[in-house]
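**Student:** Handing you a structure now.
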Amino acid sequence: MSGIRIEGVARRYGGTAVLKGVSLEVAAGEFVALLGPSGCGKSTLMRLIAGIDRPDAGRILIQGRDVTALRPADRDVAMVFQSYALYPHLTVEENIAVPLAMRRLSAPQRLPLLGRWWPGSRAARRAIHEEVGSAALALGLGSLLDRRPGQLSGGQRQRVALARAIVRHPAAFLMDEPLSNLDAALRVHTRREIVEIHRRVGAATLYVTHDQTEALTMADRVAVMQGGEILQVAGPRAIYADPEDLRVACFIGSPRINTLEGVADSHGLVRLGGYPSGLRLCGAAAGPAPVTLAVRPEDLYLSETGGLPAEAAGLEFLGESLLLHARLAGGTPLVCRLPPSYVPDLPPGSPVRLGFDPARALLFDARGKRLRDIAVVPEPALV
Amino acid sequence: MAEREAPHDMSLWRDLPRLAVLTLLGLLLLMPYIWMVSASLKPADEIFRASLALLPERLAAAQNYGRVFSLLPVAQYLWNGVIVCGGILVFQLLFAIPAGYALAKLNFRGRELVFGAVMLGLLVPPHVPALPLYLGFSSLGLLDTYTALIAPSTISVFAIFLFRQFFKSLPDDLIHAARLDGMGEMAIVWRVVLPNAWPAATAFAIFSVVAHWNDLFWPLIVVSTAEHATPALGVLFFRTTEGDDDFGALMAAAVIMTAPLVAAFLLAQRRFVEGIATTGLKG
Amino acid sequence: MSDAVLPPRLSPGLSPGLAPPRPRWRAGETLTAWMLSLPAVLAYWVLLLLPTLAAVALAFTDYELGMDGFAWIGLGNFAELMTDRGFLQAFRNTLFYVAVVTPGSILGALGLALLIEGGTRGRTFFRAVFFLPVVSLTVAMASAWQYLLHPTIGPLNAVLRQVGVEGPAWLSSSGTVMWALAGIGIWENLGFNLVLFLAGLTAIPRDLYAAAEVDGARSAWSRFRLVTWPMLGPTTLFVLTITMIRAVRVFDTVKVLTQGGPDRASEVLLHTMYQEGFTYFRLGYSAAITLVFLAIVLALMWLQTRVLDKRVHYG
Chain X
18 MSGIRIEGVA RRYGGTAVLK GVSLEVAAGE FVALLGPSGC GKSTLMRLIA
68 GIDRPDAGRI LIQGRDVTAL RPADRDVAMV FQSYALYPHL TVEENIAVPL
118 AMRRLSAPQR LPLLGRWWPG SRAARRAIHE EVGSAALALG LGSLLDRRPG
168 QLSGGQRQRV ALARAIVRHP AAFLMDEPLS NLDAALRVHT RREIVEIHRR
218 VGAATLYVTH DQTEALTMAD RVAVMQGGEI LQVAGPRAIY ADPEDLRVAC
268 FIGSPRINTL EGVADSHGLV RLGGYPSGLR LCGAAAGPAP VTLAVRPEDL
318 YLSETGGLPA EAAGLEFLGE SLLLHARLAG GTPLVCRLPP SYVPDLPPGS
368 PVRLGFDPAR ALLFDARGKR LRDIAVVPEP ALV
Chain D
1213 MAEREAPHDM SLWRDLPRLA VLTLLGLLLL MPYIWMVSAS LKPADEIFRA
1263 SLALLPERLA AAQNYGRVFS LLPVAQYLWN GVIVCGGILV FQLLFAIPAG
1313 YALAKLNFRG RELVFGAVML GLLVPPHVPA LPLYLGFSSL GLLDTYTALI
1363 APSTISVFAI FLFRQFFKSL PDDLIHAARL DGMGEMAIVW RVVLPNAWPA
1413 ATAFAIFSVV AHWNDLFWPL IVVSTAEHAT PALGVLFFRT TEGDDDFGAL
1463 MAAAVIMTAP LVAAFLLAQR RFVEGIATTG LKG
Chain H
-18 MSDAVLPPRL SPGLSPGLAP PRPRWRAGET LTAWMLSLPA VLAYWVLLLL
32 PTLAAVALAF TDYELGMDGF AWIGLGNFAE LMTDRGFLQA FRNTLFYVAV
82 VTPGSILGAL GLALLIEGGT RGRTFFRAVF FLPVVSLTVA MASAWQYLLH
132 PTIGPLNAVL RQVGVEGPAW LSSSGTVMWA LAGIGIWENL GFNLVLFLAG
182 LTAIPRDLYA AAEVDGARSA WSRFRLVTWP MLGPTTLFVL TITMIRAVRV
232 FDTVKVLTQG GPDRASEVLL HTMYQEGFTY FRLGYSAAIT LVFLAIVLAL
282 MWLQTRVLDK RVHYG
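See below:
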């Protein structure tokens, strides 16, 4: 059974289409990261799933139930907000208890003072108190229950927001950039913690982030989103090594993947500015057609005789590796990751030759779609 | 992200009840204005008929407004209002900006004392020192002068407080940079602090002008002739000399005296609201 | 005031081994600061502090304008106030006025603010409409109200007549005059409070409402209880104090419309003070009333800082 299922959801604000018919499925118990640059519509999608906003078209199903027309309260989802959205006037315990109190206590039972004495109130309150206690304990908040959010650190607030989300055992979890307000060290730590919580709770989780490290390290699958569309949904490894779309290839990975404009001739042989690439397009895709060849920086190497002639522009020492920035004759910039042990100095302007293994290069058509029907040409490869 | 607007962008149809209620309440609130203008256009007999027609059958605007202008030195009142409000504002800024700067950015012996005095002053409504001030101006023979109207309001502890808060939010580095550039303290106040005080000064100016243009209490105490009467006093004088019978002319006078500030408000609505909201403290 | 925190003063007897501390103030800076503050300090002394102290002193004398001398009569003025029917009436009327105008203008403004914030349309327009009385000349608008409320030719009673009710003489019968004045007071204060509430409402993070909806707050009322009302706490407290202080200061409408009449039925504190001081020239007595007025204002401010402030700020 699916946890969250989105079918062709579209949303416009004024004249701009923020979501252009997005479909996505998160299986029960699965952790999916929704990754994209800011403004790509990922937060909007999240708010549509939560029901804070309504789609113009499409359906949203949670555990197989169409919730498109339902209020947020009736959708059985919990959400962790980027700002945490804790109630500043309530203590930690009261904050975590809100989702339970709102559902289990009647309006008169919730009254500030009288509510306590309303029939049935005591038993319900006791049950809530216990569940809040165990949720707080799971997140190490046991000693902070009487504090107000204003008295907590960023990391502690974040845990309260998580506790408020898990206390109800919802069918689906939504997290909107929950780590973006934490400092770097805490972020790495909390990353692991959220994964653990997810494993324990086991609800379908959709996690919105613009940080690819978060997405790749935490998620079972990553959905890459850009310009209101989902470009690809796949496991972290596939997203990195086997992208379907040039935009995905460019978005994932740092430094950015190297892209080279090329042409496939009528035999399908791909040439890069006159140099043979060692690749041939097969089948229907065979040229003549413009193509884009993409190579990760770690797949480029310095070559003695072969490869593409370029000019060094500078070296950056990163500790675990060394980045060589270079420029092709046409001006195309390239980045090559070298082992940190690489010694020779390359002053700006010195000529270098950059080669790559054609088997590790990715080819995309003019629309940016991946060309998979390719073959490595044995010889002559790059001159 | 992209969506800063209200979560559900409501259709006009669903928004209609809300707009209708607001319009109704707005009209109710505007009733005094509507009837004031209406009566100022009506001849006496129509007013006394107490009909509920808003538009006059016979336009008597010339008659009513003409009567006001012939009986009242309207221009004099408005001019007095400008002089008094302007004079008060200039002195308030002149006194408050340097003091506010000193309290915010300078570390000096006695600062806590001065600031304590400011906080204490905030507690005292202007009605409290009125009696001794009246005695003072009376013994100096200054009653019924611009001086008597302006002087008591020239010291605004509220303005000092406001400017201190505002200057505190200016980065210290701005002052340090000016000192490194070789400016003296006076030059800093004049060339660095003053140009940066505009937002606070505008807000305070609106607050101050609204308060003093509308003030009746103090002008009533110190002014007895038309020569120095402010618009508020002018309306009152008109009432006492003409009696309450000629509502048409009275409403015309009310319209004339209300118009300048209301016009200014309608022209710079946002500034007014923000100015008064941010300085609302004093009430 | 974080800036007012001084470093702990070192007692010389306790720290004989320490070098004398670096002077905390530079002489030049102190001189500059005092020069900058001088105009304000002088004006403060002459126009605010001394007259206020003089008013306090005056309250304990029998001074009347035109008298050659005066005598210290201690609490004599205050004793007289306790038995002065006019003053007691003014005191009661002022309390009544505050008790009606405060909740009226606050609840009204809150309701209007929620209505205006309930959608995106017409926000600036309606804010301007309701704010208009704040910038309107009170004396002039009081005259407009006088016409509106006039027993025979006033539009209000004309409307009432249409539905078969003979309206009262609002401003000249002792049963209705305070209600009419309080109504005008609400009208005057509504826009001011509205603007403050609107500012408070826009400062509430929208995420809190979203969180409340996800947490199960289905009705508008439960969202109001869970988010709006507590988040507006500081604004409400501020508006409450400000409105009470403004209401205690009611003077203009009384002076213009009723002069305290009929038969002192609309006498209020400041008007009584004005009458005693500037009509009957009993300055000592008038100063005593001023002090009562000041005491009320100070009590309201104290209430704000000491009692209520602790409850509505969430640290």
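Chains as they are written, first to last, in this note's numbering: chain X, 18 to 400; chain D, 1213 to 1495; chain H, -18 to 296.
Where a beta carbon is used, it is the ideal one built from N, C-alpha and C, also for glycine.
Note that the coordinates shown come from a computational prediction; the quantities given were computed from them, not determined experimentally.
1. So which of X:284, X:267, X:122 has the shortest CA-CA distance to residue 386 (chain X)?
2. Among H:82, H:18, H:186, which residue has its Cα nearest to the Cα of residue 1323 (chain D)?
3. I need the DSSP call for residue 1232 (chain D), collapsed to helix, strand or coil.
4. Leaving aside the five residues before and after residue 1259 (chain D) along the sequence, list all residues of the same chain whose C-beta is less than 8 Å from its C-beta, in chain order.
5. State buried or exposed for residue 1282 (chain D), treating a residue as buried only when at least 16 other CB atoms are found within 10 Å of its CB.
6. Since residue 67 (chain X) and residue 208 (chain H) are thought to touch, with beta carbons under 8 Å apart, how far apart are those beta carbons, to the nearest angstrom?
7. For residue 334 (chain X), count neighbouring C-beta atoms within 10 Å of its own C-beta (all shown protein chains included) and say buried if the count is 16 or more, exposed if not.
8. Report the neighbours of residue 119 (chain X) on chain H: residues whose CB is nearer than 9 Å to its CB, in chain order.
9. Chain X partners of residue 152 (chain H), CB-CB under 7 Å?
10. Measure the alpha-carbon distance for residue 259 (chain X) versus residue 191 (chain H) and round it to whole angstroms.
11. Specify the secondary structure class of residue 249 (chain X) as computed by DSSP and reduced to three states.
12. Would you kindly work out how many angstroms separate the C-alpha atoms of residue 1240 (chain D) and residue 86 (chain H), rounded to a whole number?
13. Are residue 1361 (chain D) and residue 1296 (chain D) close, meaning C-beta to C-beta below 8 Å?
14. Just to confirm the assignment: which complete alpha helix (DSSP H) runs, minimum length 4, are found wholly within the segment 45 to 84 of chain H?
15. Kindly examine the ligand NAD and report whether one of its heavy atoms sits closer than 7 Å to the Cβ of residue 198 (chain H).
16. So which residues on chain H does residue 94 (chain X) lean against when the C-beta distance must stay under 9 Å?
17. Any beta-carbon of chain H closer than 8 Å to the one on residue 1319 (chain D)?
18. Taking 8 Å as the CB-CB cut-off, is residue 269 (chain H) touching chain D?
19. For chain H, check one thing: does any of its Cβ atoms lie closer than 8 Å to the Cβ of residue 1425 (chain D)?
20. Mind checking if residue 220 (chain X) is an interface residue toward chain H, Cβ cutoff 8 Å exclusive?
21. Using a Cβ-Cβ cutoff of less than 7 Å, which residues in the same chain neighbour residue 360 (chain H) once the five nearest sequence positions on both sides are dropped?
22. What residues from the segment 1474 to 1489 of chain D come within 9 Å of chain H, judged by C-beta to C-beta, listed N to C?
23. To the nearest angstrom, report how far apart residue -10 (chain H) and residue 1415 (chain D) are at their CA atoms.
24. Can you name the residues of chain H whose CB is closer than 8 Å to the CB of residue 1227 (chain D)?
25. Could you round the C-beta distance between residue 347 (chain X) and residue 58 (chain X) to whole angstroms and report it? I think they count as a contact, below 8 Å.
26. Can you tell me whether residue 1269 (chain D) is buried or exposed? The criterion is at least 16 other CB atoms within 10 Å of its CB, across all chains shown.
27. Quick check: is the beta carbon of residue 100 (chain X) nearer than 8 Å to any beta carbon in chain H?
28. So which residues of chain X does residue 189 (chain H) contact, with C-beta pairs closer than 8 Å?
29. Work out the CA separation of residue 230 (chain X) and residue 88 (chain H) for me, nearest whole Å.
30. Check the C-beta distance from residue 240 (chain X) over to residue 49 (chain X) and give it rounded, since I have them as a contact under 8 Å.
31. Where does the unbroken alpha helix (DSSP H) through residue 1433 (chain D) begin, and where does it stop?
32. Taking all protein chains shown into account, decide if residue 11 (chain X) is buried (16 or more other Cβ within 10 angstroms of its Cβ) or exposed.
33. Out of X:248, X:272, X:357, which has the shortest C-alpha to C-alpha gap to residue 336 (chain X)?
34. Would you mind sorting residue 375 (chain X) into buried or exposed? The rule is 16 or more other CB atoms within 10 Å of its CB.
35. For residue 60 (chain X), I'd like the list of residues in its chain whose CB is within less than 7 Å of its CB, leaving aside the five on either flank, ordered along the chain.
36. Using DSSP with H/G/I as helix, E/B as strand and the rest coil, what is residue 101 (chain X)?
**Tutor:** Reading from the atomic positions:
1. Minimum Cα distance to residue 386 (chain X) is reached at X:267.
2. Considering only alpha carbons, the answer is H:18.
3. Annotated three-state conformation of residue 1232 (chain D) is helix, per DSSP.
4. Answer for residue 1259 (chain D): 1251, 1459, 1460, listed in chain order.
5. By the Cβ-count criterion, residue 1282 (chain D) is exposed, with fewer than 16 other Cβ atoms from all chains shown falling within 10 Å of its own Cβ.
6. So it is not a contact: roughly 16 Å between Cβ atoms.
7. Result: exposed.
8. Residues of chain H passing the Cβ test: 193, 196, 197, 198, 199, 203, 207.
9. Ordered by position in chain X, no residue passes the 7 Å Cβ test against residue 152 (chain H), which lies about 42 Å from the chain.
10. Cα to Cα, the separation comes out at about 38 Å.
11. Here residue 249 (chain X) carries a strand assignment [DSSP, helix/strand/coil].
12. One C-alpha to the other measures close to 15 Å.
13. A distance below 8 Å separates the beta carbons of residue 1361 (chain D) and residue 1296 (chain D).
14. Runs of the alpha helix (DSSP H) inside the segment 45 to 84 of chain H: 57 to 64.
15. Of ligands this structure carries none, so the ligand NAD is not represented either.
16. Under the 9 Å cutoff, chain H gives 195.
17. Answer yes: the Cβ-Cβ gap between residue 1319 (chain D) and chain H drops below 8 Å somewhere.
18. So no, residue 269 (chain H) is outside the interface.
19. Yes, residue 1425 (chain D) lies at the interface with chain H (some Cβ there is under 8 Å from its Cβ).
20. No - not a single Cβ of chain H is within 8 Å of the one on residue 220 (chain X).
21. Missing from the structure shown is residue 360 (chain H); chain H here goes from -18 to 296 and no further.
22. Along the segment 1474 to 1489 of chain D, going in chain order, the ones with a CB nearer than 9 Å to a CB of chain H are 1474, 1476, 1477, 1478, 1481, 1482, 1484, 1485, 1486, 1488, 1489.
23. The predicted position of residue -10 (chain H) is uncertain, since its pLDDT is 32 and thus under 50; a value taken from the coordinates is nonetheless stated next. Each residue's Cα considered, the two are about 40 Å apart.
24. Taking the beta carbon of residue 1227 (chain D) as reference, the chain H residues within 8 Å of it are 100, 102, listed in sequence order.
25. Residue 347 (chain X) to residue 58 (chain X), Cβ: 35 Å. No contact.
26. Taking every protein chain shown into account, the CB of residue 1269 (chain D) has fewer than 16 other CB atoms within 10 angstroms, so this residue is exposed.
27. For residue 100 (chain X), the nearest beta carbon of chain H is closer than 8 Å to its own beta carbon.
28. The answer, in chain order, is 102, 104.
29. Spanning the two alpha carbons is a distance of roughly 51 Å.
30. Distance from residue 240 (chain X) to residue 49 (chain X) at the Cβ level is roughly 6 Å; contact confirmed, criterion being Cβ atoms closer than 8 Å.
31. Looking at the DSSP string, the run of the alpha helix (DSSP H) that includes residue 1433 (chain D) is 1429 to 1434.
32. Nothing can be reported for residue 11 (chain X): it is not among the residues displayed for chain X, which extend from 18 to 400.
33. Nearest of X:248, X:272, X:357 to residue 336 (chain X), Cα basis: X:357.
34. Counting the other CB atoms within 10 Å of its CB gives residue 375 (chain X) a total of 16 or more, which places it among the buried residues.
35. Only 193, 225 meet the Cβ criterion.
36. DSSP places residue 101 (chain X) in the coil class of the three-state scheme, outside both helix and strand.
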